[in-house]
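Notes for the one structure printed next.
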């Protein structure tokens with residue numbers, strides 16, 4: 012974890028960024044190995060030039076302490092997040108941050124309370140910092156990607172094997188998802204569109220039965 016944070020700080024320095032703010036999601040999970048449950052309560056990881064901290068809803072604080080030693084500035088529903096956020100900004104040395112990076116995937120009201128707490132900062136999304144880091148895969152990440160791709164290929168083959176006249180799209184999708192699960196992967200999405208349904212890229216897999224001569228569109232993913 013720490014080497015990724017150090018690499019992020021190098022990118023921050025190169026791009027004159029004072030603060031990076033990440034919400035619960037894939038950027039945070041890549042950086043520290045997990046992310047809290049993403050709900051409506053403001054929860055953010057703030058990475059300053061020298062220190063990092065969480066703005067953390069108090070209902071999640073104890074559970075998160077089991078996962079990380081990163082300092083937390085907790086807030087309760089009764090008090091709201093504003094003062095805890097000011098304390099978190101002070102802790103990271105970011106109270107006067109002029110140029111910040113905002114996680115483009117986090118809730119907009121999370122971003123707004125950070126911007127409002129600072130003095131009209133300029134901001135950008137993560138492309139030049141954590142986004143740039145995530146584009147460059149280390150050997151472990153490469154191996155994981157290759158393994159995932161091969162599992163996906165085998166799940167697709169299971170789908171092909173299930174295609175028979177009279178079989179429904181849902182039954183084909185079930186064969187695919189069962190294969191993901193059999194290899195320890197969690198299905199993320201599964202689109203099966205037979206015949207005319209194949210014209211819809213985001214078709215909702217349904218109970219249409221495959222007919223002779225149908226083309227069948229399959230779009231799947233697992234993790």
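Numbering (my numbering), first residue to last: 12 to 234. Glycine residues also receive a C-beta, built at the ideal position from the N, C-alpha and C atoms. Since this is a predicted model, take the numbers as computed values, not measurements.
For residue 67, there is no enclosing alpha helix (DSSP H); the enclosing beta strand (DSSP E) covers residues 63–68. Contact between the region 22–40 and the region 72–82 is absent: fewer than three C-beta pairs spanning the two stretches fall below 8 Å. Measuring C-alpha to C-alpha distances from residue 232 to each of 208, 217, 197 and 209 identifies 197 as the nearest. Counting along the chain, the unbroken alpha helix (DSSP H) around residue 146 starts and ends at 141–146.
Rounded to whole angstroms, residue 30 and residue 126 show a C-alpha spacing of 11 Å. For residue 232, there is no enclosing alpha helix (DSSP H); the residue is found in the beta strand (DSSP E) stretching over 227–233. For residue 101, the uninterrupted alpha helix (DSSP H) segment begins and ends at 93–102. Proximity to residue 168 across 129, 53, 56 and 188 peaks at 188, based on C-alpha coordinates.
Minimum Cα-Cα distance from residue 170 among the listed residues 156, 201, 50 and 160 corresponds to 201. Counting C-beta pairs with one atom in each stretch, the region 97–105 and the region 55–67 have three or more that are closer than 8 Å, which means they touch. Residue 114 is positioned such that its CB atom lies closer than 9 Å to that of residue 137. Scanning its chain for C-beta atoms nearer than 6 Å, with the 5 sequence neighbours on each side dropped, one finds around residue 225 the residues 205 and 206, in chain order. Between residue 28 and residue 55 the beta-carbon gap is near 16 Å, outside 8 Å, which marks them as no contact.
Distances from the alpha-carbon of residue 108 to those of 89, 116, 12 and 133 put 133 closest. In terms of Cβ geometry, residue 112 and residue 23 form a close pair [threshold 9 Å].
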